[in-house]
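*Asks:* Pasting a structure below so you can have a look.
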Amino acid sequence: MSGEFEWIDEEAGPVVRPYAMTGGRTKPSSTAFDLLSMVVATGAEISPRAHLSSQHRQLLGLVSRARPLAEIASDIELPVGVIRVLLGDLLDQGLILVRPPMPAATSPAESLLLEVINGLRAL
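Now the structure itself:
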C-alpha cells in the first residue's frame, strides 16, 4: 500500500468551500434579493479597480438577460446564500439591476391557467 492518499478525484476539479468565495461573508450587502427577484446585467463597464472573482464574472455572464435568482443559483450550482452575497457585490458596483418579483395581483387568472392545463392535457 502506498503512503500517498488521493484526497480529491481529478474529475471533481478544485474544491473550494462556499465561504471562501464570499470572503467569509454570509449576508448580502442588500436585502433586494428574493428567490424570485429578477437580476439583469446593466452592461456598465467594469472598473479596473473592481476586484471581481471568477464567480462574479460567471454571474455577470449568466445575467446578460433577466433571470430569477433561483434559476441563477441552480445554473451556477452554488448555494443561494453565496449567490446573494456575490450578487450584492455586483449590485454595489452598479453592474446589475434587481427587480422585485411580480406581485401576486398581476399574475395570470386561475381560469386562464386551468385553460392552459386542459389544452396541454388534450394534446
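The numbering of the sequence shown is UniProt numbering, which starts it at 1 and goes up by one.
Quick reminder that beta carbons are idealized off the backbone N, C-alpha and C, glycines included.
Give me the Cα-Cα distance between PRO108 and GLU115, rounded to the nearest whole angstrom.
*Replies:* The residue given as residue 108 occupies position 108 in the sequence shown. The residue given as residue 115 occupies position 115 in the sequence shown. Whole-angstrom Cα-Cα distance: 11 Å.
*Asks:* For ILE96, list the residues DSSP reports as bridge partners.
*Replies:* For this step, residue 96 is matched to residue 96 along the sequence shown. Note: ILE96 sits in a beta bridge opposite ALA41.
*Asks:* State buried or exposed for PRO28, treating a residue as buried only when at least 16 other CB atoms are found within 10 Å of its CB.
*Replies:* Against the sequence shown, residue 28 aligns to sequence position 28. PRO28 is buried by the Cβ-count criterion.
*Asks:* Give me the residue from THR42, VAL85 and ILE117 with the minimum Cα distance to THR31.
*Replies:* Position 31 of the sequence shown, counting from 1, holds the residue named residue 31. Ranking the options by Cα distance to THR31, first place goes to VAL85.
*Asks:* Determine the direct distance from the alpha carbon of ALA50 to that of VAL80, and round the result to whole angstroms.
*Replies:* By 1-based counting over the sequence shown, the position of residue 80 is 80. By 1-based counting over the sequence shown, the position of residue 50 is 50. Computed Cα separation, rounded: 23 Å.
*Asks:* Taking all protein chains shown into account, do 16 or more other C-beta atoms lie within 10 angstroms of the C-beta of SER74, making it buried, or fewer, making it exposed?
*Replies:* What you label residue 74 is simply residue 74 of the sequence shown in a count that begins at 1. Classification for SER74: exposed.
*Asks:* Can you grab the Cα-Cα spacing for the pair GLU6 / GLY94, in whole Å?
*Replies:* For the purposes of this step, residue 6 is taken as the residue at position 6 of the sequence shown. For the purposes of this step, residue 94 is taken as the residue at position 94 of the sequence shown. Since pLDDT at GLU6 reaches only 48, below the 50 mark, its modelled position is unreliable, and the value read off the structure follows with that caveat. Cα-Cα distance, rounded: 43 Å.
*Asks:* Would the beta-carbon of LEU87 fall within 8 Å of that of ILE76?
*Replies:* As a first step, residue 87 must be located in the sequence shown, where it is residue number 87. As a first step, residue 76 must be located in the sequence shown, where it is residue number 76. No, the Cβ-Cβ distance between LEU87 and ILE76 is not below 8 Å.
*Asks:* Using 8 Å as the threshold, is the C-beta distance between VAL63 and ALA44 below it?
*Replies:* As a working mapping, residue 63 is identified with position 63 in the sequence shown. As a working mapping, residue 44 is identified with position 44 in the sequence shown. No, Cβ-Cβ distance for VAL63 and ALA44 is not below 8 Å.
*Asks:* Going by other Cβ atoms of all chains shown within 10 Å of its Cβ, with 16 needed for buried, is THR22 buried or exposed?
*Replies:* Numbered from 1 along the sequence shown, position 22 holds the residue referred to as residue 22. Classification of THR22: buried, given that the 10 Å Cβ count is 16 or more.
*Asks:* SER47 and PRO68 - do their beta-carbons sit closer together than 8 Å?
*Replies:* Here residue 68 refers to the residue found at position 68 when the sequence shown is read from its first residue. Here residue 47 refers to the residue found at position 47 when the sequence shown is read from its first residue. No, these two residues do not count as a Cβ contact at 8 Å.
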